[in-house]
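Top to bottom, those sequences are chains A and B.
The numbering of the first sequence is the numbering used here, which starts it at 88 and goes up by one.
The numbering of the second sequence is the numbering used here, which starts it at 88 and goes up by one.
Even glycine gets a Cβ: it sits at the ideal position worked out from N, Cα and C.
Protein chains: 2
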Amino acid sequence: MSDQHQHTLHALKVSCSNCSLRELCLPIGLNRDEMTQLDAVIRQSRRLKRGEYLFRSGEAFKSLFAVRTGFFKTSVASQDGREQVTGFLMSGELMGLDGISSNVHGCDAIALEDSEVCELPFNRMESLGRDIPSLQHHFFRLMSREIVRDQNVMLLLGNMKAEERLAAFLLNLSQRLSTRGFAANDFILRMSREEIGSFLGLKLETVSRTLSKFQQQGWLSVDHKHIQLIKADALKDLISGCTHANGV
Amino acid sequence: MSDQHQHTLHALKVSCSNCSLRELCLPIGLNRDEMTQLDAVIRQSRRLKRGEYLFRSGEAFKSLFAVRTGFFKTSVASQDGREQVTGFLMSGELMGLDGISSNVHGCDAIALEDSEVCELPFNRMESLGRDIPSLQHHFFRLMSREIVRDQNVMLLLGNMKAEERLAAFLLNLSQRLSTRGFAANDFILRMSREEIGSFLGLKLETVSRTLSKFQQQGWLSVDHKHIQLIKADALKDLISGCTHANGV
DNA sequence: AAAGAAGCTTGACCCTTGTCAAAGCGGAAT
DNA sequence: ATTCCGCTTTGACAAGGGTCAAGCTTCTTT
């Protein structure tokens, strides 16, 4: 069990160490020259330790950040300290898009494990976009995709019951991990029950209870942060119906 | 009372008839030549009657649409027919940004009253953006603003109680109306209780009850769709604390 | 190695909100 | 003007999820 845990961790590190930004985050047809220009703009990657802030809400916005390796959460805080986790990000995903509108970061970004990011200075990306139309277009698509993702979260928070939310969450994680070459049915949660709850609009006790319920039904096994999906189809059945009408 | 209703309706129509797209939706410094280019791209405005669809989820995406006059809702539907209203839009606001990522519209856009929109063919706006950097930048900002808005909705849906949600909703409407030159404390709701509920993640009965409660407390008066804010500060007190820490 | 802190699970209870139902009202259509 | 239908309000009741509390495990720190 603990071996399994180690194994998965290890696999993640190894596989991510050779994932390039260009492949995952900017998968667009660029010629050799354009590649060179892009490389010149993307700053050396930065490493963060678990728990470290990449940026904080209120800080000046200068750059977007792409996850190279590791795992992040983004969250917004209310004045009285309530936290809403707005996303969990893995390799190839982009953080900081909300800062463009006001030149100030609108959320916190925190590494949930030792991680590495690429910095994309926004001004320079913007002007590069004018020279490379496909890059500009790709950026619009990335921002649009974030809007679509947010809409799906709204659907989840506004319409779904606790079991449905958790099922949707686990299947989403599973799908994204498998896209990156990891096992779809055997993974380690990088976040706490409380963080899952914050993301899903539930209390940590409800997350815990619902996971236990899934386990009792034989749909998955839970060993602390180690999740094994046993009957992913049962989870899919649970949320068929309450997901977006156009399988987006 | 009914007079008041008519009056507000009238005011909205009149004031909107002389709001230009450039002023509200694209308030950027363009020179005369750039203005001309932009005008050439923005298609003649289109009129819609109450209840008419501007576009539907799944249709091919070609253009963004800016509200010139009137009022819209956007919503996503799940397979089993649950509806999540993702936004209510008034003059100067933009619809369709979620379609960029997949070239397919991801939500429905429906006029809640007789309305008028400008069509912005996205391809042409994109290439115009390459010629006019400030236009390109403005577009990035618009998309980012939408992401920020969505994050605030997540905060609302994930953390706030029914009373807080409704207070936040009313104050947001009030603020946006007053930005457009309308009375901040006396307005007509263009949407049904059910649509408000869908947006706020509540059932229509809860919306109705909560409005009644606010009225009993003397914070506002409700006459069907006619709302008068009497103690807006009381509503603000209710949500102080649960709004974004950086008054975004 | 020990101790403390943090995170997780589980139970009991309660509150907010959803569900179901009935009745009132207003607007649209004839 | 009348009728009908949709929207809204309100009540009674149910239930899902929140709250509080206790105990346990694991990880961190010294």
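Compute the Euclidean distance between the alpha carbons of residue 267 (chain A) and residue 150 (chain B), then round it to the nearest angstrom.
-> 33 angstroms
From residue 98 (chain A) to residue 313 (chain B), what does the alpha carbon distance come to, in whole angstroms?
-> Reliability fails at residue 98 (chain A), whose pLDDT of 30 lies under 50, so the model's placement of it is uncertain and the value that follows must be treated cautiously. Distance between the alpha carbons of residue 98 (chain A) and residue 313 (chain B) is about 60 angstroms.
Look at the alpha carbon of residue 206 (chain B) and the alpha carbon of residue 175 (chain B), and state the distance between them as a whole number of angstroms.
-> 18 angstroms
Count the other CB atoms within 10 Å of the CB of residue 303 (chain A); is the residue buried (16 or more) or exposed (fewer)?
-> exposed
Selection from A:327, A:119, A:123 and A:306 that minimises the alpha carbon distance to residue 243 (chain A) = A:327
Residues of its chain near residue 130 (chain A), where Cβ-Cβ distance is below 6 angstroms and the 5 sequence neighbours each way are ignored | 206
How long is the line joining the alpha carbons of residue 290 (chain A) and residue 270 (chain A), rounded to whole angstroms?
-> 28 angstroms
Any C-beta of chain A sitting closer than 9 angstroms to the C-beta of residue 230 (chain B)?
-> yes
Can you grab the Cα-Cα spacing for the pair residue 162 (chain B) / residue 119 (chain A), in whole Å?
-> 42 angstroms
Would a C-beta distance cut-off of 9 angstroms place residue 184 (chain A) and residue 229 (chain A) closer than the cut-off?
-> yes
Along the chain, which unbroken stretches of the alpha helix (DSSP H) at least 4 residues long are found entirely within the segment 237–275 of chain B?
-> 249–266
When you check each C-beta in the segment 157–178 of chain A against every C-beta of chain B, which residues fall closer than 7 angstroms?
-> 163, 164, 165, 166, 167, 169, 171 and 173
From what residue to what residue does the alpha helix (DSSP H) around residue 154 (chain B) run?
-> Where residue 154 (chain B) is concerned, there is no enclosing alpha helix (DSSP H), although the beta strand (DSSP E) it sits in stretches over 150–156.
Let me know the secondary structure DSSP gives residue 224 (chain B) once reduced to three states.
-> helix
Are the C-beta atoms of residue 205 (chain A) and some chain B residue less than 9 angstroms apart?
-> no
Supposed close pair residue 254 (chain B), residue 325 (chain B) - CB separation, criterion 8 angstroms = 5 angstroms
Thinking C-beta only, is residue 245 (chain B) closer than 9 angstroms to residue 34 (chain B)?
-> In this structure chain B extends from 88 to 335, so residue 34 (chain B) is not present and cannot be described.
Going by beta carbon distance, what residues of the same chain come within less than 6 angstroms of residue 281 (chain B), once the five residues before and after it are set aside?
-> 291
To which residues of the same chain is residue 190 (chain B) closer than 8 angstroms at the C-beta, ignoring the five residues directly before and after it?
-> 147 and 148
Interface residues of chain A facing residue 332 (chain B) [CB-CB closer than 7 angstroms] | 144, 164, 165 and 166
By Cβ distance, which residues of its chain are closer than 6 angstroms to residue 134 (chain A), with the 5 residues on each side in sequence left out?
-> 203
Output yes or no for whether 9 angstroms exceeds the beta carbon distance between residue 199 (chain B) and residue 278 (chain B).
-> yes
Inter-residue Cα distance where the pair is residue 287 (chain A) and residue 238 (chain B) | 13 angstroms
Using beta-carbon positions only, say whether residue 329 (chain B) and residue 144 (chain A) come within less than 9 angstroms of one another.
-> no
When the Cα atoms are used, what is the spatial distance from residue 171 (chain B) to residue 127 (chain A)?
-> 43 angstroms
Counted within 10 angstroms of its Cβ, other Cβ atoms place residue 192 (chain A) as buried (16 or more) or exposed | buried
Could you name the residues of the segment 222–248 of chain B whose beta carbon sits closer than 7 angstroms to any beta carbon of chain A, in the order they occur along the chain?
-> 223, 224, 227, 228, 230, 231, 232, 233, 234, 235, 237, 238, 240, 241, 242, 244, 245 and 246
Verify the CB distance criterion: does residue 213 (chain A) have a CB-CB separation below 9 angstroms to chain B?
-> yes
Among A:168, A:197 and A:169, which one has its Cα closest to the Cα of residue 182 (chain A)?
-> A:197
Report all residues from its chain with a CB closer than 8 angstroms to the CB of residue 285 (chain A); omit the five preceding and five following residues, and keep chain order.
-> 162, 170, 171 and 172
Which residues in the same chain have their Cβ closer than 7 angstroms to the Cβ of residue 306 (chain B), if we skip the five residues on either side of it in sequence?
-> 317, 318, 321 and 322
Under 9 angstroms between C-beta atoms, does residue 317 (chain A) make it to chain B?
-> no
Helix, strand or coil for residue 289 (chain B), going by three-state DSSP, please let me know.
-> coil
Could you work out which residues of chain B lie near residue 76 (chain A), taking near to mean beta carbons separated by less than 7 angstroms?
-> In the structure as shown, chain A begins at 88 and stops at 335. Residue 76 (chain A) is therefore absent and cannot be evaluated.
Which residues in the same chain as residue 194 (chain B) place their Cβ atom closer than 7 angstroms to its Cβ, once the five residues preceding and following it in sequence are excluded?
-> 144, 161, 162, 163, 173 and 185
What are the boundary residues of the beta strand (DSSP E) that residue 174 (chain B) is part of?
-> 170–176
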